[in-house]
Every structure is written in C-alpha cells, then in structure tokens.
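A.B. asks:
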C-alpha cells in the first residue's frame, strides 16, 4: 500500500481473509465502508477494494506479511485492546486518523471484530494461566491410601498381590467358553487362598470375618468384574444363603465344600416373570409327608429361574426359592437346596438348563435359566432356619406372617447389597484413575502460537471429572459406614440398616454408571478401544443398577421405610407439626431462612461444613414431610393408597435421594474429622466441599423453589464449584493414585 | 379372645406380626399400652400380652384368622379410614370403646400405623386406577408414519425391504473377522442396490440425491450399526472426500469404483495425538518438483493415523490429511489420495497398518492405525479443489489463509455431521420401541390382592421413558430441518449451517446415549442380554458422541459462532444494549416478566406453545448475552482471551444448549403446524408440550435464578409434566409403532 495511511486497513483485510467466521457479507460491509470514507481518494479506494475481490484473493505471502506486521505491532504495544488502536499504530498514529475513531469502531461492530478477544487471538501467546497450570501434590499419597484402607489394609494388600500375579492377566479371547473357564480357574485360586470362605464360621473352615469378606469383594473389583460376580455368586449368594437360611446340618454338610469351591452352586431366586417382585415367585415346592420329600416344579415357562449365575456351566446345586405347599395350602416363599448337576457335570433328571448366552458384560459368568419338572428332593434339603415342616408334617415358623418371614429371609441376604455397591465403587475408582491420568497428559488445543494444553486444564473437563471424583471419595466413606453399621447390627436396627444398604446400593451403582459414562466420553476414542478397560468396566457394571434389586424399586422401598419411620416419630402430623419437624431446632430455622442466610455468599460461609450439612438435612426433612403430606392429602381425597403411592413416586425418589446424600455428606465429614495427617485432611476437606456444593448445585432448582437459597447464593455456589475444581486440579492425579490400584489391574495403556 | 372387646386389638396384633416394617420396639410399645389400659382386667392384660411374646408367636392359622376378620370388616364398611374405626367395628362399637379414641390414636401414632394408606394395604383391592390403565390409540399409526417419512418415504421403504431380507439376519458370532466380513458383504449388497452412490453425480453412476443418501443412512441405522458406519466410511467419508475436495480428474478416476465398492477406501484424518484439534495434524506431504510427486510421511509414532475405518482389512486407498510442505515451507493441512493396499489386499511398501482390535462396539468395522514411511505418490493425487501446486511448483489457492482454507475443506464434509445425528436418532427410536413395548406388557407388583400391573402404568416409569420419547420426536423434526437447510444452503449461510449441524450432532447423539441408558435400566435384566439388542445399540452408538467431532468441543465451537453472530449484530454492546437484545420486543418484556406471568399457573398458559417458545427464546438470548458480557469483563480485567474463554466454558455449553433447544422446539412446532390429519396433530401437540415442559423442568434452576419464573410456576410445570406423561401413556405403544421399524431389525424378543 503506497500511502502508509492505508495501513489502517491491514487488520481488517487480514481478518476478513483469514477468520473462518467472517463471511461474504462482511466483504460487502468492508467495501461499502471504504467507499464511504471521504478522506480516501478514488484511486486509494480502488486500490483498497481490489484487495477484497474474492475472485482474486491476496497471495498467501501477502497474508503472511499482514500477519507479521500485526504481530510486530502487538509485540511492541502490549497495551493495545482494540483493532482500532492497532490500526492507528500501523498507519502511523496521525491525528487525522484519530478522528476516524467513531467510524472505525462502528465498522468493527458491523464486522463482529470488536471484542478484546480478537486482539488476544492475534497475539502470539506466551504461557497463559491455563497452559502453564499443572499438577502439584500437597499431601503424601501413601498416607491417604492408609486412611482409605483403614483396618482392612492387610487383607486388601494380600488380595492386590494375588490379583497382580501373572496368572491373573486379563483374558483377551472373545470366546465365551474360554473366558468362563478362565474366571472359574481364577475363583479356584482365590478359594485356595482362603478368600472365598472368609465370612464362614471357623468350624467350617472359614475366616469368620465378614468385614474382610467385603474388603475382598471390593479389592477384587479392581480386576475383572466377571471374576467378582462369579466369586460373589459362589461364596456370597450360594454360600451365604446356606449359612443364613439353613441350620447346622446344612453347614456341616455343605459349607466347607462351598468355601473350597469343591461344590459350585447357584442362588436361584429370580424368575422370568418375577424379578423385582420376588414375593410373587411361582416355582412350587410341594411337600410329600409319606415320602418325606419336596417336589420342586416350574409351573409354566415364564416361572423358570432366569439369569442364574453358575447355572449354565459350573453349578452342581442351587438354593431354589419356591412357594412351599403343604396339603394344598400355600405357605409362601421358602428356600431349598436342589442338586442340578452330578459331579461329572451332567444335568440331572427333571432339570432343564438353558444358557443366557452373550450379555452386555460379565461374559465370564455363566448365567442360565433353570426349569424344574417335578424334581424330588429330600425333606432335609429345606433351608429351615425361619420355617420348617415338623415331624407331623405341619408347617412351623417363629414368624407367622408369610410376608414378614419372606422379608426376614431376604434381610439376612442384605450382605449382597453391601458387596455390590462396594464393588461398584472400586470400578468407579478404576475409571477415574484411567481418565484423570490420561487427561493430565493428553494435550489438545492451546493459545495461538503456544503449545497444546493438557485437557485437564480445561474448566469443562475439570467439571466433568472432579465433582465425580469428590462424590466417589464421599461414597467410599459412606460405604465404610454402612459396613460398620451392618457389622454391629442389632435386630431392632435391621429395618434401618436394610434401607440404608438398599439405598446406598442404588446411590453407589448409579454413581458408577455416571462416572464411567463420563470417563468414556472424557477420554474420547481411546476409551472406545477395548485395551483401555473403560469398555469392560462400563459394560460389566451396567447391570449393577439392576441386580441385587432394581435401583428405582429400591429407591421406592427406602422412601417407604423413611415414611414409616416418620410416621412413628410424628404420627398423624398436622401442618404445624410438619414445620416443627423440619425445623426441629427453632434457632436453626431463624438463622437459616432469614434473608441474610438465604443470600449469604461469603466465601467462608459457602465453604463451611456446617452450612453444607444443614442444607442437606433441611432438604432431607422437607422432602420427607412434603411427601407424607401429599400422600395423606391424596388418600384423604379418596384415592386408593396404591394409586396415591403411584402419584408420588417421583417425590419418593427425592425423599430417598435427599436422605442418602445427607448420610453420605455426614459420613464424609465424620471421617475427615478423624484424620490426623494434616495434609491429607486439608485435601479431603476441599473434596468434601466440592461434593457438598456440587450436590447443592445439582439441586439448586429445589432450594430456589423452597426459598432456602436465593439466586445470588446459588450463583455464588456455581462459581465456588468452578473454583474448587480449578484448585483441586493439581492434586487430581495424586488423589487417584491414592486409590492404589495395581498397575496390572488398571492395565489401560492410556493410564501410563 | 374371650371378651369380644379385646378384639379392638386385632388390627394391632395383626400388624405387629405381619408388617415387615414394625420392629421389636413396637412390640414393647404395644405391651406398655396394654398394661396402661385400666378398663382391662389383669387377666385380660395377661391374655393380650401373651400374644406379643416373640418366643411364642401366634400360629400362621391365627394370623390368617385375624387377617380374614379384618378383611371382612373392611369389605362391609367401605368408609373406614383408620385403624381405630376398624377396631371399633371389630370390638362391637360399644360406647366405652369410643371413649378410648384419644388413647388409641396415640398408640397408632407411636406404632407408625396411623396413615390412611395402612387401611389401603389391608384391603383386598379391586381394580385401582393404576392397575386398570391401558393403551388406547387416538390416531392412525400409518398416517403418523407418513408424516415422519415425508418426501423420502419411497427410499425409506426400499431400504427397509432390503434390510429385512434373510441375508441381513444379524451376525451372532463373537469372532471379529466373521463379523467384519459379514458387514462387508452387506455393504456390497447395498452398493449393488445403488444405495452407496446415491449422493454422487449422475455422470459417475450416482443418484445425485443427497437428501436420499441421508434418509438411507438413517434407515440403515435400524439395522446393525457397524453396517451403517462401514457404509458411511466408504460412501460418505471416503467417497465424499474425493467428491468434495477433489476435482473432475479424481471424480472420473475414482467415483464410480467407490460407489460400486470396487474400490474400498479410508478417510485418514485423525492422528493419535490429534483428534479434536485436527489443525495440529503432523503427517507431512512434501512436494518434489523434479519428480512431480509428494512424499507422505509419519514423523513419529503418535502422529500415526488412528481409528481409521476400513484400514485394518478392506481399504485399498485413503484420503490422507497432511501438512503440505513445498521448499521447506508449511502450507497447512491438505488432502491426498494414497494407495495403501494392492488389489490382492497386500499392504504396500512404506505403509504399516495395525488393527485397533476389539472395541466397545462397532466391531464389524475394521478400524486401524496407518503409518507412512516416506510413501511417494504422484502429484495428481493431491485433492486440489481448494489448493494446488502449479506447473512452476508453487502453491496456489483461492483461499490465502491456511486456517480458513482448512476450515473451508472441513466445511464441505459437514454432511457427516448430519448423517451421524440421524443415525443416532434411529438408534434412539429402536431403543424406545423395545423399551416401551416391553414396559406395556411386563407386569410387576400390584395392589394388595390384585393382579400385577404393566410397569408402564407406574408414574416413575412413564417419567423415565415418555419425556425421552417426546425429545426423540422433537429431534426427528429438527434433523429434518437441518437437512433441508443443508440442501438449500448458500455460501453465506454456511457458518450458521455448520454450527447448526455441529450442535445438532451433539444434541442428538447425547440424546441417544441418554435414551439407551434409560432403556437399558428400564428393561432390567432382559436388556442386559445380547438378544434384546439394547447392548448393541448402546455400545455401537457410544462413540457417536466422540467421532465426527467430540460433543463437548463442538458445543464450544457452536457457542463461539453464536458469540460471533452476536457481536456482529450488536457490536460493543453495553449493559443497556444487552437488555434491549434480550427483550427485543419491549411489549414481550412487560408481559413476560411481570408477576402475573412469572406466577401464571393456568393450565391453558402452561400448555401454550407461545409460552413455551418465548421461554426457550428468552433463555437462548439471556445465556448468550450473559456469556458475552462475562467474557468481556474477564478480558477487560486483564485475563488473556484464551484463559477467559476457559473460565466461561461452562457458560458456553449453556449458550449452545439453549440455542439448540430453541431450534428443536421451534421446528417441532412448525412441523406440527403443517400436519393436516387432526388426530396425528393432537397427539403431536401433546408430545411437543411434554418436550417443552420437561426441558423447562430440567432448566428450572436457571429460570428461577433469572426470575423468569417463580416457584409456584415451576412446581405447576412439574405437575403438568407428570400429567402429560400419564395422558400420553395410553398412546405410547402406538407412538413407537409409528416409527415403523422392521420387526427383523428390532429382533429383540422382549419387544414382541
């Protein structure tokens, strides 16, 4: 450009030719603008316009020349904040030019290049805040691992060392038979190491240590999950059903062989037509007093046992749940030991077994259907702890109600609802370890001219993974609590503990599903490859939300338990009573629901664990009272209770969710209070804040509807969640390393 | 009980012995109560207390007797609403008894058996509202199918008839090689039917019909998704890259053979280190003027091409994206045709191909990595529509900016971002069809004594599936719109259309992931079995959120486009300008944000499509203006733009989400307006209301924070969503049948 004043247009020319967001329309805008500028001669206008002919674009060299002129100006004038300021310097900053400010600002607006960010995009970036951010650990990883492992550290380490052996290398064959046999072989090794019988009485070769058994289940879950489920079916479901529902004669006869895996067996409860509603099972066990036998029978195809683990290949016996019939009278569901295969693996007469075939995951477990055609078993095969047939052939039970007896039987099996959420927890930890370690190294995009940035430095990526890491830590401590409550249970606490376990089973398994989904997406195509393990983790745990009780059904059950407790505590509560219940402590009400509290956005307040717990407790109580009120209103208005419960199902889920979240937060806080190592404590406090605030953020609609918080506060909480994610990002890798998952178990190449 | 007055306790006895929620504590409560009742003689107290001895429970017969007495009373006295009223009748309703009301009510409260629902649980239920509810169709399914298929009905039906043939029976082998060959064979059949070349020019044997090509992709997606992706790789990515980036000489040489599948090929863009940030690709194509050749080279292991479909087994050529180097100068990423195998499938010299191996899904597609070791290709193999090397060996391009040229090249490939969301849509439809049809038949639980109820009658189950059905219908129409915009595109609309396609790709694929997750859980264990198809649908589409652009990255890109449009429209907007933008029409502001509107819970208002669209538009504008404002503030405060964009990433997602939802709702409403059949229209209006209101419900936190709605209104919306779900439940099966998916494609036994 001959006239140096014309250089005022360099930035515009450069931008219209290079920015992929500027279109044809902008060329016209710029042309018009040039023609409207009276200070330009016609010749100059022509020269300028010639540079905007899309049929004869500037050369690549010309474009690069403009670019380098711009970069030079920006380098020498660091304070430049608009295109016009840059244009001024380029054109020599003469006073005539300065008068053009208004026109040029308008042009910038019309072209959409008015933002300061446009300047940023043109600058060769030095290291920006985002690109230079990286991991720094403020705590000793081993100390945190010790805190997580707690009293079970010994057995955890033993299991880890076993599953790290070469013979536990993952099976790569897609042949279902090879895989199933490998898993079976692994189970035998574990049995030999006395891990399977850990929960059985010592007199039958066991370890008499249920707490250790749960720790084994959880630790095994860092490895192949088919192994865990096969292990759980054999030693947990099959073995514990004999132990919990049977009596001495059964223990003596079976427990040792079950614990050594000499006697592989099944837990045959679910039927095709009855999954959630197990009370409706249709298989029958008809007593024959003369023969002193029961006849087990499947009345129709859809009453067959389905999804039964160990059934398709390895199981030799099964605990079969069936309606006991004596003299034509139905005495409800009871459990019976039924042989299904002989020692040579031949299926016995009257038994038909079909393979469930390929599944979404857990293909190392041989699930099958079992059909009984008048199969006769001796009387002693009834698991008779809660009900029996006496010598006269009469039904006997200390629990007269069939319903209650059935639920008492189920209650003894609550262990499964502790083992599964703990297994799910381990899978979530594996997924997070893989995804976070990969995100710390994987680089993509970066500031203009700068190098690429680890994707974990992106706020949205932190948002995807770190609240989930916090929640997974929170669940760790909550499941420790559930386990300890279960270990120290008294009979009167059982309904509460059963509800707690059922609820936490849903909470933990849903968390795992969500965590692994996010890990899959966060790791992009790499996580789609089988070798990176997310595939197996995700598909194997997918059914965790279904088995041991469908999560949605469990959530309803827990809510019913909460309502029942609520009724016991408060009876026929009126509106006033409800309010009193919600604000049990009058002082708390006043301090929590006044405008100062509902609008309080002080950093210290937002990070205060007491504020968090109060908010969770308030939500728990309010959702419960409100569901109770609504139910009462519906039934009072004439709706059948069954229909009324249907109407409030959505609220019931809220009741349980709020209850569980209060428990989880409370237990996280209690666990933190007992941490002695100050550095571990500091990072755990931050994680706990992130858990609490990100849950409040998820529920902000509820808090705003209720008036417990106002918009200014929920917005401040969103910012605080962002900030906590940013602050925790440097610790993220160490936080997953504290899970201390064996490398051979992680195995994913992207995690190393 | 000798004294008939004692019968007053029958309900309590029955309940403490049978209700599984009552515990030890309640036995004690009841004992104490009995001892406190002065009207009972010591003998009577003893008799009563003897029935509460847990060591000597009542017999099962005794319990049944109590139960039948209770049932008789309830049958004869339908108005009974409390335990006490029942007790009164049982004990003979004498006046003494009536005086005990206060005491007994307190007892009921203490035992937690005070609710009316307790009575409901004791009644033998007739058919309740919930249990008698069932499917009724108010529209003709075929008419709705016609509306959905629109102009493409012919080709859709042709494809359906082809994929319903016996040779398209699903492959059941888990052997990856068998599966890959089956998929390849299927592709050949489709090529023979002239489906693959549908989008190519007629002169090269094609159908010159891009709209039909998209319809084919979508319809094929009712079948195996490996087939769709293999088909898309060959005819879409490989063929269209030649067509879009090459010139006549390439068309003449390749297109016919590509369309007939005589020449299988690949689209080799992604590298291990560069997935989302494709501008950073590292493969080089170095020009040699003397030889008139390019040398394609992989500079290091992590610059290898990865995940390339057709690479591991079948591909003979590939469109390779590489940085063009001439005389040591880097001219940015360009595309080249590179032979990788000879006709006998032998890998050519200099080429190393590795198999990506087993994946989470799409195992019928042979993805591989490709490594180039100084591979020489002739000059004519450069796809030279947008850039070329002239006779003098100089670089030439009508687009001088490397950046812009690259994005222009990518822009021509936008078709993939229409094909994939449409394929995802079909998969969501398949999942919903299976889940809804199963839920309509699957029965579980029911009122006491009544028969079991189809699970779709449960409100929570409706909540899980029906809003997702509504959203899937909404997306159907939105993708029709995207397709038609693409078909009628002008150059100046391209940035908008690209953003729209990128955004809808994310919106539709995320919907599919969520839909299939819900379908899996909603169908319980059945959906875990491979035979029921949810497995394949879910795992095959899992990577849809990643390929053709990672969804999270696309969301950011779309938001940047929105911000750029916003800046063009409003320039350096001040706070006042922002407000004006949000409330473009001043009258709307007044009517929308006054207390009458923010609290309006009239049914007609809540169902009003104008209210819905206004709410969506308001959110779209507000999130955009607010993100722009925040960005400006951050940059003004001195943050580097790159860092500022990082800080607002979370808001950027909101911007795009709100934009897409407005588009989706708007297009659903526009499509409905043109429906002529009144019955189809009526049901579509309900579905559209459900889509709109359930999205508002999801975003209620935002609306409350903003003050656009108050709590009373968001609560009313939640109720309305419940009500719409209930109202649509009878039509649900017909609504999925209108998708008209071939039975052989659905194939899931639970859907029949």
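Residue numbers (the numbering used here), protein chains in the order written: chain U, 3 to 754; chain Z, 3 to 754. Idealized CB from N, CA, C, for every residue including glycine.
#1: Determine the closest residue to residue 746/U out of 318/U, 163/U, 517/U, 80/U, with distance taken between C-alpha atoms.
#2: How about residue 1/Z: is its C-beta nearer than 8 Å to some C-beta of chain U?
#3: Cα separation between residue 588/U and residue 717/Z?
#4: Out of 677/U, 708/U, 664/U, point me to the one whose CA is closest to residue 695/U's CA.
#5: Distance check for residue 537/Z and residue 362/U, CA to CA, integer angstroms please.
#6: Taking all protein chains shown into account, decide if residue 321/Z is buried (16 or more other Cβ within 10 angstroms of its Cβ) or exposed.
#7: What residues of chain Z sit near residue 742/U, judged by a beta carbon separation below 9 Å?
#8: Counting only Cβ pairs nearer than 9 Å, list the residues of chain Z close to residue 713/U.
#9: I need the straight-line Cα distance from residue 712/Z to residue 530/Z, nearest angstrom please.
#10: Along the chain, which unbroken stretches of the alpha helix (DSSP H) at least 4 residues long are found entirely within the segment 38 to 87 of chain Z?
#11: Compute the minimum distance between the beta carbon of residue 11/U and the heavy atoms of the ligand GTP, and state whether it is under 7 Å.
#12: I'd like the list of long-range same chain contacts for residue 225/Z, defined as Cβ closer than 6 Å, with 5 residues on each side in sequence excluded.
#13: Which one or two residues does DSSP pair with residue 325/U in a beta bridge?
#14: Any Cβ of chain Z within less than 8 Å of the Cβ of residue 537/U?
#15: Between residue 784/Z and residue 742/Z, is the Cβ-Cβ spacing less than 8 Å?
#16: For residue 594/Z and residue 709/Z, what's the separation of their Cα atoms in angstroms?
#17: Output, in chain order, the set of chain U residues within a Cβ distance shorter than 7 Å of residue 546/Z.
#18: Using 8 Å as the limit for Cβ to Cβ distance, is residue 642/U near chain Z?
#19: Is it buried or exposed for residue 10/U, if we count other Cβ within 10 angstroms and need 16 for buried?
#20: Would you mind telling me which residues of chain Z sit closer than 9 Å to residue 449/U, beta carbon to beta carbon, in chain order?
#21: Using a C-beta cutoff of 8 Å, does residue 123/U count as contacting chain Z?
#22: Tell me which residue opens and which closes the alpha helix (DSSP H) that residue 435/U is part of.
#23: Between which residues of its own chain and residue 609/Z is the CB-CB distance below 6 Å, once the five residues before and five after are set aside?
#24: When you check each C-beta in the segment 358 to 369 of chain Z against every C-beta of chain U, which residues fall closer than 7 Å?
#25: When you compare the CB positions of residue 327/Z and residue 371/Z, do they come within less than 8 Å of one another, or not?
#26: In chain order, which continuous runs of the alpha helix (DSSP H) of length 4 or greater are located wholly inside the segment 526 to 562 of chain U?
#27: What residue range is occupied by the uninterrupted alpha helix (DSSP H) comprising residue 690/U?
#28: What residues from the segment 65 to 93 of chain Z come within 7 Å of chain U, judged by C-beta to C-beta, listed N to C?
#29: In chain order, which alpha helix (DSSP H) runs of at least 4 residues are fully inside the segment 715 to 750 of chain Z?
#30: Contact criterion: CB-CB distance below 8 Å. Does residue 588/U meet it with respect to chain Z?
#31: Would you list the residues sitting across from residue 268/Z in a DSSP beta bridge?
#32: Out of curiosity, what's the CA-to-CA distance linking residue 551/U and residue 160/U?
#33: Figure out for me which residue from 659/Z, 706/Z, 657/Z, 734/Z has the closest Cα to the Cα of residue 688/Z.
#34: For residue 609/Z, go through chain U and note every residue whose CB falls closer than 7 Å to its CB, in chain order.
#35: Using beta-carbon positions only, say whether residue 439/Z and residue 738/Z come within less than 8 Å of one another.
C.D. replies: If we stick to the structure as given:
#1: Among 318/U, 163/U, 517/U, 80/U, the Cα nearest to that of residue 746/U is on 163/U.
#2: An answer regarding residue 1/Z cannot be provided, because it is not within the stretch 3 to 754 covered by chain Z.
#3: The predicted model places residue 588/U with a pLDDT of 45, which falls under 50 and marks its position as unreliable; any figure quoted below should be read in that light. The C-alpha of residue 588/U lies about 27 Å from the C-alpha of residue 717/Z.
#4: Of the listed residues, the one whose Cα sits closest to residue 695/U is 664/U.
#5: Going from the Cα of residue 362/U to the Cα of residue 537/Z covers about 5 Å.
#6: Its Cβ being crowded by 16 or more others within 10 Å, residue 321/Z is buried.
#7: Contact of residue 742/U with chain Z by beta-carbon distance below 9 Å is absent, the smallest such distance being about 27 Å.
#8: Simply 706, 707, 708, 709.
#9: Annotation: residue 712/Z to residue 530/Z spans about 42 Å, alpha carbon to alpha carbon.
#10: Within the segment 38 to 87 of chain Z, complete alpha helix (DSSP H) segments of at least 4 residues are found at 44 to 52, 62 to 78, given in chain order.
#11: Summarising the ligand content, the structure contains no ligands, and the ligand GTP is consequently not present.
#12: Around residue 225/Z: 165, 747.
#13: By DSSP's assignment, residue 325/U forms a beta bridge with 286/U, 335/U.
#14: So yes, residue 537/U belongs to the interface.
#15: For chain Z, the structure presents residues 3 to 754; residue 784/Z sits outside this window and is missing.
#16: Those two C-alpha atoms are separated by around 10 Å.
#17: Going along chain U, no residue has its Cβ under 7 Å from residue 546/Z, so there is no contact; the nearest lies around 10 Å.
#18: Answer yes: the Cβ-Cβ gap between residue 642/U and chain Z drops below 8 Å somewhere.
#19: Around the CB of residue 10/U, 16 or more other CB atoms lie within 10 Å, so the residue is classed as buried.
#20: Against chain Z, a Cβ distance below 9 Å from residue 449/U picks out 642, 643, 644, 645.
#21: Closer than 8 Å to some Cβ of chain Z, the Cβ of residue 123/U qualifies, so yes.
#22: Per DSSP, the continuous alpha helix (DSSP H) segment holding residue 435/U begins and ends at 418 to 443.
#23: Taken in chain order, the residues that qualify are 691.
#24: The residues in question are 358, 359, 360, 361, 362.
#25: Not a contact, by the Cβ cut-off of 8 Å.
#26: Along the segment 526 to 562 of chain U, the alpha helix (DSSP H) occurs as fully enclosed runs of 4 or more residues at 536 to 543, listed in sequence order.
#27: From DSSP, the alpha helix (DSSP H) with residue 690/U extends over 680 to 700.
#28: In summary, the residues of the segment 65 to 93 of chain Z whose CB is separated from some CB of chain U by less than 7 Å are 65, in the order they occur in the chain.
#29: Counting only runs of 4 or more, we get 734 to 739, 745 to 748.
#30: The predicted model places residue 588/U with a pLDDT of 45, which falls under 50 and marks its position as unreliable, so this point remains unresolved.
#31: Answer is 320/Z.
#32: Between residue 551/U and residue 160/U, the C-alpha separation is close to 31 Å.
#33: Residue 734/Z is the option with its Cα nearest to residue 688/Z.
#34: Neighbours of residue 609/Z in chain U, taken as residues whose beta carbon is under 7 Å from its own, are absent, since the nearest beta carbon is some 20 Å off.
#35: The Cβ atoms of residue 439/Z and residue 738/Z lie closer than 8 Å to each other.
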